[in-house]
Ligand code: ASP
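In my numbering, the protein residues as written are 173 to 616.
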């Protein structure tokens, strides 16, 4: 009998998880049962992915940089990558603002729903504001993003998944350092990281074998937890109905990025068919969707991009860890739309010039935000204050946050992978047919 591929197993797990949660809410199964007996499996899966994220970023960046022997090649790859990341992030933030100006979702929300949301989520928005304030440093100008990239203590930075950008920075510097010393001294160190890298990829394969169970658990627990929080107040569905225009605007933006912008970029710079690209990326997208975290999905994204899209390890190990922390197109689009939506609901008019400077701040904020759940919400709360909109307005966008987070994370990692494919193709580092070969020979 033909074995069901992992991709199909994951989709089945997702659907079963949804069905399970709907049925258990309907029949009134105590949520504590799900939390006690189902949630732990999701936690184990998520912890496993998170645990390998930091070592993988370190090993893969060091291996990636030291394997690019020619320093002009390294600077070419990094220039292309960083340029593409910045251009697509600015484009996404601008797209968000444009479509929010055209659709004006904030004008569609009934006053009654607005008041209800403000009172219901007031608490949460205060908490997000406190978090944002904690994150704020003495210098909160736009250069703060760069200050945050450089850690003052390497060892402390290496223990915090939220500081992945600092880990990226340290690893890049270490890799560059290794290329500068005589190879007789660097050889052993590089070989060590190469070994670590390969072992970590094997660990990821093992973790991914359990992904259907993990994903079933994550999705059903999330649905049940959301319903506990809101059903007491008369149901989240009524509120979501009021926010349909807002959610629709975000979905439209994400759709345009994922199904128009990325295919155009791939078509313009590579010969890769977008259908094959999406097929290769599917398991990583499903992990991003269920975990709402680019960092947690990073190990899977790397494995898919290398083994199934044919991007060389040299390129993927540089482009992807960097992308997981700095390139968040879905998030910058989301922040743009959310801020404008809140301003519209509160009747605050943002002039063209303040919207243009908002594009710059959103770009910086999404570069600085970590690839973890709800990172954009904290970023949005900081931006709101800085442009004179009360952060309490955040209460308006809490209800659909989780689902929007899940979707924008998918767009985020898809954008990283698209850039990896473009850079690899431009460097002649894209092996054709890798996908077909692996799909035939490898069930994962
Ligand atoms: N959850 C997103 C990610 O990890 C970040 C965000 O927009 O909140 O990519």
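Just so it is clear, CB atoms sit at the ideal spot from N, CA and C, and this is done for glycine as well.
A residue is called buried once 16 or more other Cβ atoms fall within 10 Å of its Cβ, and residue 328, having fewer, is exposed. Residue range 211-239 is occupied by the alpha helix (DSSP H) that includes residue 219.
Taken atom to atom, the span from the alpha-carbon of residue 533 to that of residue 555 is near 7 Å.
Remark: the C-beta of residue 229 is outside contact range of the ligand ASP, defined as less than 7 Å to any heavy atom. The beta carbon of residue 459 lies closer than 6 Å to those of 469, 472 in the same chain, with the five residues before and after it left out. In summary, residue 440 is exposed, with fewer than 16 beta-carbon neighbours lying within 10 Å of its beta-carbon over all protein chains present. Annotation for residue 471: the continuous alpha helix (DSSP H) segment containing it runs 466-479. With fewer than three CB-CB distances shorter than 8 Å, the region 379-391 does not count as touching the region 559-568.
Fully contained in the region 404-466 are the following alpha helix (DSSP H) runs of length 4 or more, in chain order: 408-414, 416-428, 434-441, 446-463. Of the candidates 213, 239, 188, 239 places its Cα closest to the Cα of residue 358. Contact holds between the region 496-506 and the region 417-430, because three or more Cβ pairs, one in each stretch, are under 8 Å apart. Per DSSP, the unbroken alpha helix (DSSP H) holding residue 366 starts and ends at 355-381.
Straight-line spacing of the CA atoms in residue 449 and residue 295 works out to 42 Å. For residue 426 against residue 261, the beta-carbon gap comes to about 14 Å, at or over 8 Å, which does not count as contact. Under the DSSP assignment, residue 257 falls in the alpha helix (DSSP H) whose first and last residues are 243-275.
DSSP, read as helix, strand or coil, puts residue 483 in strand. Residue state for residue 602 is assigned as strand, using DSSP reduced to three classes. Relative to the non-hydrogen atoms of the ligand ASP, the Cβ of residue 414 never comes closer than 7 Å to any of them. Looking only at 219, 521, 487, 551, the smallest Cα-Cα distance to residue 241 is reached by 487. DSSP places residue 296 in the helix class (H, G or I) of the three-state scheme.
Per DSSP, the continuous alpha helix (DSSP H) segment holding residue 320 begins and ends at 316-321. Each of 212, 386, 341, 411 was checked against the Cα of residue 289, and the nearest Cα belongs to 411.
In the assembly as shown, residue 356 is an exposed residue. Its beta-carbon has fewer than 16 other beta-carbons within 10 Å. The region 212-230 makes no contact with the region 477-487; the number of CB pairs closer than 8 Å stays below 3. Contact between the region 250-259 and the region 486-500 is established, with three or more Cβ pairs separated by less than 8 Å.
The distance from the Cβ of residue 581 to that of residue 461 is about 7 Å, consistent with a contact at the 8 Å cut-off. Ranked by how close their Cα comes to the Cα of residue 396, the residues 210, 596, 269, 181 have 210 in first place. Relative to the non-hydrogen atoms of the ligand ASP, the Cβ of residue 584 comes within a distance shorter than 7 Å of at least one. When the Cα atoms are used, residue 521 and residue 515 turn out to be separated by approximately 7 Å. With a threshold of 7 Å, the Cβ atom of residue 466 counts as near the ligand ASP, since some heavy atom of the ligand is closer than that. Contact between residue 339 and residue 491 does not hold, since their C-beta atoms are separated by about 16 Å, which reaches or exceeds 8 Å. Taking C-alpha positions only, residue 371 is separated from residue 236 by approximately 16 Å. Inclusion of residue 517 and residue 265 in the CB contact set at 8 Å is not warranted, their separation being larger than that value. Per DSSP, the unbroken alpha helix (DSSP H) holding residue 534 starts and ends at 524-540. Per DSSP, reduced to three states, the secondary structure at residue 570 is coil, with no helix or strand assignment.
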